Amino acid sequence: MTDITQHHAYAFVRDGHLMMTTCRHLTLEVTRSRGLYYLGHKWHVSEADLDQVLSIMLREDPSLHRRCHEGTLTKEDVEILVNRASYGIIRLDMVDDDYTPPAFSCHTRNNRTNPSTNHPQ
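Under my numbering, the residues of the sequence shown are numbered 17 to 137, in order.
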């Protein structure tokens with residue numbers, strides 16, 4: 017069994033310099049083979065990226081703060097959080113097949129958002 021919050025190397029840019037450190041990562045494992053991703057493939061999403069995206073999502077959707085506090089996040093909330101924190105790479109498939117996460121757009125430290133065009137506010 018995998019420890020889902022292992023520490024892994026983490027690289028980030030600060031003041032134009034590449035910095036290396038370690039931080040906790042959420043580990044997600046593929047449970048169904050799809051395309052190039054085979055059963056058992058693991059993705060690691062850094063806690064720092066999750067925190068940064070969650071902070072932005074809280075500003076965008078004030079009702080998200082209540083859901084976080086009450087522990088009532090929706091599947092869509094989690095899907096969007098992980099999708100954004102993984103730079104649009106990971107789609108969890110937690111929601112109905114007709115759901116498509118918001119379109120991914122590149123983000124910077126000051127602009128880490130995904131234009132929301134196809135999910136309820």
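From the three backbone atoms N, C-alpha and C, an ideal C-beta is built for every residue, glycine too.
The structure displayed is predicted, hence computed values, not measured ones.
{"Item": "Give me the Cα-Cα distance between Y54 and D77, rounded to the nearest whole angstrom.", "Value": "35 Å"}
{"Item": "In angstroms, rounded to a whole number, what distance separates the CA positions of L80 and V94?", "Value": "11 Å"}
{"Item": "Thinking L74 and L97 are a contact (beta carbons under 8 Å), I'd like their distance in whole angstroms, please.", "Value": "Incorrect: roughly 11 Å between the Cβ atoms, too far for contact."}
{"Item": "Please list the terminal residues of the continuous alpha helix (DSSP H) segment that includes V98.", "Value": "K91 to A101"}
{"Item": "Report the option in L66, H41 and Q68 whose CA atom is closest to the CA atom of H60.", "Value": "H41"}
{"Item": "Under DSSP, the beta strand (DSSP E) around L74 begins and ends at which residues?", "Value": "Segment E63 to E76 is the alpha helix (DSSP H) holding L74; no beta strand (DSSP E) there."}
{"Item": "For C39, write down the residues that DSSP places opposite it in a beta bridge.", "Value": "H24"}
{"Item": "Measure the Cβ-Cβ separation of H57 and V46 and say whether it is below 7 Å.", "Value": "yes"}
{"Item": "Sort S49, A64 and G51 by Cα distance to A27 and report the nearest one.", "Value": "A64"}
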